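Going line by line, the protein sequences match chains X and G. Take 1 as the starting number for the first sequence in our numbering and just add one per residue. Take 1 as the starting number for the second sequence in our numbering and just add one per residue. The beta carbon of each residue, even a glycine, is placed where N, CA and C say it ideally should be. Just so it is clear, the structure is predicted and the values come from calculations on it, not from any experiment. Beneath this line is the structure, given in structure tokens, with notes to follow.
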Amino acid sequence: MRLVLATSAIALAPASAFAVDYLSAEQAAKLMFPEAERFESHDVSLDAAQMQKLDAAGVRARSARWPVRVAQRGASTLGYVVVDEVVGKFELITYAVGIGLDGAVKQVEVLSYRESHGHEIRLPAWRRQFVGKTAASPLHIGDDIANISGATLSCSHVTDGVKRIVAVVDLARRSGALP
Amino acid sequence: MTMWTRRARPLLGTLVEVGLAGTGCDAAIQAAFDSIAGVQACLSRFDARSDIARFNTLPAGASLDVAPHTAAVLAAAQELHAASGGVFDVSLGSAADGWHCDERRLHKRLAGVQLDLGGIGKGYAVDRAVDSLIALGCSAGWVNAGGDLRVFGDEQVPLTLRDETSGGVRHFATLGDGSFATSHFGPTSRSVATGPSHAPVRAHASVAAPLCLWADALTKVVAISGDAAHPLLACHAARAWLH
């Protein structure tokens, strides 16, 4: 074990924000469905009745509009990829869920992780600066490799988000909004 | 300069990150996540099919066969319970002597005993993931399960510590070929522990150790005992800090 402690001056510096980009949405889709030849974009819009149906099932729909990437090979559909983001205690997490034709979760990949400094996470303006900014490359060099240690971060908001996406894709397929 | 490939997935109730030196590491990364999912399937009390969830529903006097992962973590937990004078307790106060694991057979002695490996299982899972990466020939990298992490190989990795009250991180150290874990017991923490006086523990502790299982588990011993020089640390070549 090799451990070199920071000098006290560094350790006393103000806390800073922390961000990692892992994958772009396109990279995640290809990773989840490597056999796909293309991904078609579909915009699923839930009507009021569908939103109520989700609420009744205990899955708060949160949004009426859900962009879905449909994995295709020739004329056949292989599955679906949905990108979403959730806010935790200090962090904003963008993640992608891959769903197979059986309706089950195939894979979940985190696309980006952004930890705020202070309580900026609650500020829409802080979150907006990252909208649409998923990395083009998952490669990181130099100082970017820092690891955070701390109290175990809960991922229950990601788990809830995955359940919501499974329910939305299921509804959309039943209504014919997705192939 | 080393190029790194990083991936993160929700596992073990937290975010697990795998970082590897180099590119084209998809198969190794998948193997590391598979190792962790395999450990989770044995230990998670939230998975009704796991050994621990099945144990928790057993009546007193009954027993069950457990997987080698479960037996290994329970053996470490038993050892640490005895060595820490009862401070480390995976029954979380429900009945520390209400269970016993004999090789692969887990016995329930008392009704009401419930096991929760949340204080040691993440570290064990990280160690198994690192084993699989090394077995696949990965030269350097890390596995970080929501703050409990292990770095392996020649590279040194900067380590930052989260400010638990307001968020944000501070540089703390650089770590090579070793593990580091942190526990925070505060009024708003998910983790709850009671000390010898039955008062809730309020502490923020980190431990560095060669293996992540011991780093993870020893943070609880240090936080609950309030002793950053606890004699058990030396047994596992560990070092601790109370922040």
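Partners in chain X for residue i, counting only beta-carbon separations shorter than 8 Å
i	result
G/Pro200	Residues of chain X passing the Cβ test: none, with the nearest at roughly 15 Å.
Chain G contact for residue i (CB, 7 Å cutoff)
i	result
X/Arg73	no
X/Ala146	yes
X/Ser16	yes
X/Ser116	yes
X/Ser149	yes
X/Val68	no
X/Val105	no
X/Leu139	Confidence at X/Leu139 is low in this model, with a pLDDT of 38, below 50, so the placement of that residue should be treated as unreliable; the coordinate-derived value is given next. So, interface residue.
X/Met51	no
Chain-ordered neighbours of residue i on chain X, where CB pairs are closer than 7 Å
i	result
G/Gly112	The contacting residues do not exist; G/Gly112 stays about 26 Å from chain X at best.
G/Ser206	Ser149
G/Ser183	Ala151
G/Leu149	Asn147, Ser149
G/Gly19	Ile145
G/Trp142	Asn147
G/Ala129	Residues of chain X passing the Cβ test: none, with the nearest at roughly 14 Å.
Per-residue contacts from residue i into chain G (C-beta, under 7 Å)
i	result
X/Val20	Arg6
X/Met32	Neighbours of X/Met32 on chain G: none; closest Cβ ~12 Å, over 7 Å.
X/Val108	Arg9, Pro10
Within chain G, partners of residue i - CB distance below 9 Å
i	result
X/Val4	Gln156, Ala173, Thr174, Leu175, Gly176
Neighbourhood of residue i by C-beta distance below 6 Å, restricted to the same chain and skipping five residues each side
i	result
G/Ala205	Ser183, Thr219, Val222, Ala223, Leu242
X/Asp43	Pro67
X/Ala19	Arg114
X/Leu171	Gln50
G/Val18	Arg7, Ile29, Ala32, Val143
Proximal residues to residue i (C-beta, below 7 Å), its chain only, five neighbours per side dropped
i	result
X/Lys106	Met32, Gly79, Gly98, Ile99, Gly100
G/Ser91	Gly98, Trp99, Val113, Gln114, Leu115
G/Ala75	Cys101
G/Val151	Trp142, Val157, Leu175, Gly176, Asp177, Gly178
X/Val86	Ile93, His157, Val158, Gly161
X/Val59	Lys163, Arg164, Ala167
G/Leu110	Ala60, Ala95, Gly98
Cβ of residue i within 7 Å of any chain X Cβ
i	result
G/Pro59	no
G/Pro244	Because chain G is modelled from 1 through 243, residue 244 of chain G falls outside the range shown and cannot be assessed.
G/Phe180	yes
G/Thr14	yes
G/Gly146	yes
Cβ-based neighbour list, residue i, same chain, cut-off 8 Å, excluding 5 preceding and 5 following
i	result
G/His236	Ala209, Pro210, Leu211, Trp214, Leu218
G/Asp51	Cys42, Leu43, Leu64, Val66, Ala67, Thr70, Leu106
X/Thr159	none
X/Asp102	none
G/Arg49	Ala41
X/Val108	Tyr95, Ala96, Val97, Gly98, Val158, Val162
Contacts of residue i in chain X (Cβ-Cβ under 9 Å)
i	result
G/Ala237	Met1
*Check distances from the C-beta atoms of the segment 75-97 of chain X to those of chain G and list, in chain order, the residues that come in under 9 Å.*
Lys89, Phe90, Glu91, Ile93, Tyr95
*When the Cβ atoms of the segment 150-158 of chain X are set against those of the segment 155-165 of chain G, are three or more pairs found closer than 8 Å?*
Flag = yes, the segment 150-158 of chain X and the segment 155-165 of chain G touch.
*asked:* When you compare the segment 24-39 of chain G with the segment 113-130 of chain G, are there three or more beta-carbon pairs, one atom per stretch, that lie closer than 8 Å?
replied: yes
*Listed in chain order, which residues of the segment 157-178 of chain G have Cβ atoms closer than 8 Å to some Cβ of chain X?*
The segment 157-178 of chain G vs chain X, Cβ under 8 Å: Val157, Pro158, Leu159, Thr160, Leu161, Arg162, Asp163, Glu164, Ser166, Gly167, Gly168, Val169, Arg170, His171, Phe172, Ala173, Thr174, Leu175, Gly176, Asp177, Gly178.
*Near-chain G residues of the segment 151-170 of chain X - C-beta to any C-beta below 7 Å*: Ala151, Thr152, Leu153, Ser154, Cys155, Val158, Thr159
*Determine, using beta-carbon pairs with one atom in the segment 3-15 of chain G and one in the segment 28-36 of chain G, whether at least three such pairs fall under 8 Å.*
yes
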